[in-house]
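J.: Quick one: this structure, given as structure tokens, is what I'll be asking you about.
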Amino acid sequence: MKEREVAIQQIDPGMVPYQILDVEGKLVGEMPDLSAERLLSLYRYMQLGRAFSNKIIALQRQGRATTFGSLVGQEATAVGLAAPLQPQDWLATSYRELVSLMVKGLPLPTLIYAFRGFTPEHYPGENHCLPIQIVIGTQMLHAVGLAMAAKISGDKAVAVGVCGDGATSEGDFNEALNFAGVFQAPVVLVVQNNGWAISVPRHKQSAAPTFAARGAGFGVPSVLVDGNDILAVYAVMQQAVERARAGQGPTLVETLTY
Numbered sequence: 004m005k006e007r008e009v010a011i012q013q014i015d016p017g018m019v020p021y022q023i024l025d026v027e028g029k030l031v032g033e034m035p036d037l038s039a040e041r042l043l044s045l046y047r048y049m050q051l052g053r054a055f056s057n058k059i060i061a062l063q064r065q066g067r068a069t070t071f072g073s074l075v076g077q078e079a080t081a082v083g084l085a086a087p088l089q090p091q092d093w094l095a096t097s098y099r100e101l102v103s104l105m106v107k108g109l110p111l112p113t114l115i116y117a118f119r120g121f122t123p124e125h126y127p128g129e130n131h132c133l134p135i136q137i138v139i140g141t142q143m144l145h146a147v148g149l150a151m152a153a154k155i156s157g158d159k160a161v162a163v164g165v166c167g168d169g170a171t172s173e174g175d176f177n178e179a180l181n182f183a184g185v186f187q188a189p190v191v192l193v194v195q196n197n198g199w200a201i202s203v204p205r206h207k208q209s210a211a212p213t214f215a216a217r218g219a220g221f222g223v224p225s226v227l228v229d230g231n232d233i234l235a236v237y238a239v240m241q242q243a244v245e246r247a248r249a250g251q252g253p254t255l256v257e258t259l260t261y
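To convert, note that position 81 of the sequence shown is 84 in our numbering; the numbers rise steadily by one, no gaps.
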């Protein structure tokens, strides 16, 4: 009897990053509905994120600040992912997305105090920003938990969890994605892919063509976006947040940056 041949196929690598601005800064997609004042505000936050990173790095080199993970080069993702959030929404970040917390309303002095060892009190407070997570990937579980709390209580709040590409190799990330998919948590999980997990390159993190492809295995819609295009990041996050708030479940967003 002839054995039946099984059709084993590779994962479709055809996912391309969503863009509104190309590398030359030219419009290649539809602009999100943002006023000139709002656009200027986003640009100012990007500049603030760069200046803050450079200052804390200088202080750290002088022995006047703790270990610090620079945001330089990833400002567009960090600002764009937080900009569509409302006051009642929650934000859980790693150690790198500090300007995201500023966009959400966390005062700049609070972050400066934290990295100089003078934090007078722990947040979250009215800004709904969780403390910075140094343990890789744990904040993704926290974001899903907050989203589920909002869903159970009937609150219209959405939670956003942000991690780097290295965190996708942690069990916490996969547990968060699985739980969010099963229970349709109103959460957006963002992976900032800068190509390196400290010293481990992208190709040694996963054999999948993209980290966004992970979503399919957990039943979670996903999108790949140019993480250096703040307009594209904003547009994608706005849609993902609106989906979550409308009860349509989680979204996995991968931002390509460097």
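Glycine residues also receive a C-beta, built at the ideal position from the N, C-alpha and C atoms.
Since we're looking at a predicted model, the values are computed, not measured.
1) Compute the Euclidean distance between the alpha carbons of Gly-128 and Pro-134, then round it to the nearest angstrom.
2) Between the Cα of Gly-28 and those of Ala-249, Gly-174, Ala-238 and Leu-234, spot the shortest distance and give me the residue it belongs to.
3) According to the Cβ coordinates, are Val-191 and Ser-103 closer than 9 Å?
4) Candidates Arg-99, Gly-72 and Met-49: which alpha carbon is nearest Ala-86's?
5) Counting only the same chain and skipping the five closest in sequence on each side, list residues whose C-beta sits under 7 Å from that of Arg-248.
6) Need the endpoints of the beta strand (DSSP E) that Glu-173 sits in, please.
7) What do you get for Lys-20, buried or exposed, if any count of 16 or more other CB atoms within 10 angstroms of its CB means buried?
8) Apart from the five residues on each side of it in sequence, which residues of its chain come closer than 6 Å, Cβ to Cβ, to Ala-95?
9) Would you mind giving the Cβ-Cβ distance between Leu-84 and Lys-107, rounded to the nearest angstrom? I have them listed as a contact below 8 Å.
10) For the alpha helix (DSSP H) containing Leu-51, list its first residue and its last residue.
11) Does the distance from the CB of Asp-168 to the CB of Gln-136 come in under 9 Å?
12) Can you tell which of Ser-44, Pro-212, Glu-178 and Phe-186 has the C-alpha that lies nearest to the C-alpha of Gly-198?
13) For Met-151, which option in Gly-184, Val-138, Gly-76 and Ile-139 has the closest C-alpha, if you only look at C-alpha atoms?
14) One question on the structure: do Trp-93 and Leu-149 come within less than 9 Å of each other, judged by their Cβ atoms?
15) Of the residues Thr-171, Phe-71 and Gly-66, which one's Cα is nearest the Cα of Ala-215?
T.: Quick look at the numbers:
1) By one-based count along the sequence shown, residue 128 stands at place 125. By one-based count along the sequence shown, residue 134 stands at place 131. Answer to the nearest angstrom: the Cα atoms are 10 Å apart.
2) As a first step, residue 28 is located in the sequence shown; it is residue number 25 there, counting from the start. Comparing Cα-Cα distances from Gly-28 to each of Ala-249, Gly-174, Ala-238 and Leu-234, the minimum goes to Leu-234.
3) Here the question's residue 191 lines up with position 188 in the sequence shown. Here the question's residue 103 lines up with position 100 in the sequence shown. Their beta carbons are not under 9 Å apart, which means Val-191 does not touch Ser-103 by this criterion.
4) Residue mapping note: residue 86 aligns to position 83 of the sequence shown, counting from 1. Looking at the Cα atoms, Met-49 is the closest of the given residues.
5) Here residue 248 corresponds to residue number 245 of the sequence shown, with the count starting at 1. So the qualifying residues of the chain are Lys-159, Val-161 and Pro-189.
6) For the purposes of this step, residue 173 is taken as the residue at position 170 of the sequence shown. Here Glu-173 belongs to no beta strand (DSSP E), and DSSP marks it neither H nor E.
7) Your numbering for residue 20 matches position 17 in the sequence shown. In the sequence as presented, Lys is not what sits at residue 20; that position holds Pro. So Pro-20 ends up on the buried side.
8) In the sequence shown, counting from the first residue as 1, residue 95 sits at position 92. These residues qualify, in order along the chain: Leu-133, Gln-142, His-145, Ala-146 and Gly-164.
9) Stepping through the sequence shown from its first residue, residue 84 is reached at position 81. Stepping through the sequence shown from its first residue, residue 107 is reached at position 104. Actually they are not in contact, since the Cβ atoms of Leu-84 and Lys-107 sit about 10 Å apart, beyond 8 Å.
10) Stepping through the sequence shown from its first residue, residue 51 is reached at position 48. Run containing Leu-51: 39 to 64, per the alpha helix (DSSP H) assignment.
11) Looking up residue 168 in the sequence shown gives position 165. Looking up residue 136 in the sequence shown gives position 133. No, the pair does not count as a contact, with Cβ atoms beyond the cut-off.
12) Within the sequence shown, residue 198 is the residue found at index 195, counting from 1. Checked all of Ser-44, Pro-212, Glu-178 and Phe-186; the closest Cα to Gly-198 is Pro-212.
13) By one-based count along the sequence shown, residue 151 stands at place 148. Of the listed residues, the one whose Cα sits closest to Met-151 is Gly-184.
14) To locate residue 93, count along the sequence shown from 1; it is residue 90. To locate residue 149, count along the sequence shown from 1; it is residue 146. Yes. Within cutoff.
15) Position 212 of the sequence shown holds residue 215. Cα-wise, what sits closest to Ala-215 is Thr-171.
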